[in-house]
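Residue numbers (our numbering): 42 to 257.
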């Protein structure tokens, strides 16, 4: 029983650890930007990128970064992955950027690449599931070691379990007939008590209704 109880606690602790590690925000050295309305040449790895917020009256510089890769889509869409993000202000967030410009300016003064950022998502250094699985795994390993120490190594615990098992064998357990009879008595008594309470409730209901305390 001791091992089972500790095992349940260990499993509960592993589940709790899994949920808590889900809240951990891992570093995101690279970001994935879903781009639409691409104008100009496609971005090239190594180019500098300006990430802007053009939703207001003035265009705000949100951050600068470097192109990691570009995966073209259809009709001016694609996925832009950037690294080395440097925010223009510590109060800004990259998710505020809705426009990007890359590659500097052309001879006509227009950006070499420009497009609308639909969504921006940070790419963690590794999958958060690995962190959750690692935390839960450590709890399970420590729990297994604790159970082994309690049940297989600690002498007092082992002697207690052996003595408990011996005493359990001495117990005079009830027969099936006795258990069935006791169960029937409990069920019948429950229904009788419920019936008595129902009758009492109806009597009080009619009494208070007759006295004008309750409205029917």
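Just so it is clear, CB atoms sit at the ideal spot from N, CA and C, and this is done for glycine as well.
Distance, Cα to Cα, residue i vs residue j?
i, j, result
"residue 84", "residue 141", "10 angstroms"
"residue 203", "residue 242", "54 angstroms"
"residue 77", "residue 66", "28 angstroms"
"residue 60", "residue 234", "45 angstroms"
"residue 155", "residue 114", "15 angstroms"
"residue 94", "residue 49", "51 angstroms"
"residue 144", "residue 138", "17 angstroms"
"residue 237", "residue 249", "18 angstroms"
"residue 223", "residue 205", "27 angstroms"
"residue 217", "residue 239", "33 angstroms"
"residue 231", "residue 221", "15 angstroms"
Just list the residues that DSSP pairs residue i with in beta bridges.
i, result
"residue 107", "89, 124"
"residue 80", "155"
"residue 163", "72"
"residue 221", "DSSP output for residue 221 lists no bridge partner at all."
"residue 101", "94"
"residue 119", "76, 113"
Might you give, ordered along the chain, the residues of its own chain that have their beta carbon closer than 6 angstroms to the beta carbon of residue i, omitting 5 neighbours on each side?
i, result
"residue 74", "121, 158, 161"
"residue 133", "103"
"residue 79", "117, 156"
Leaving out the 5 sequence neighbours to the left and right, which residues in its chain are closer than 7 angstroms to residue i when beta-carbon positions are compared?
i, result
"residue 70", "124, 166"
"residue 163", "69, 72"
"residue 173", "59, 62, 63"
Just confirm the distance between the C-beta atoms of residue i and residue j, as a whole number of angstroms; I'd bet it's less than 8 angstroms.
i, j, result
"residue 135", "residue 186", "With a Cβ gap of about 43 angstroms, residue 135 and residue 186 do not count as contacting."
"residue 58", "residue 176", "4 angstroms"
"residue 153", "residue 82", "6 angstroms"
Could you pull out every residue in the same chain whose Cβ sits closer than 8 angstroms to the Cβ of residue i, ignoring the five residues on either side in sequence?
i, result
"residue 86", "108, 109, 110, 111"
- Are the stretch 103-111 and the stretch 47-59 touching by the rule of at least three beta carbon pairs closer than 8 angstroms? no
- Contact the stretch 113-132 vs the stretch 170-185: 3+ CB pairs below 8 angstroms: no
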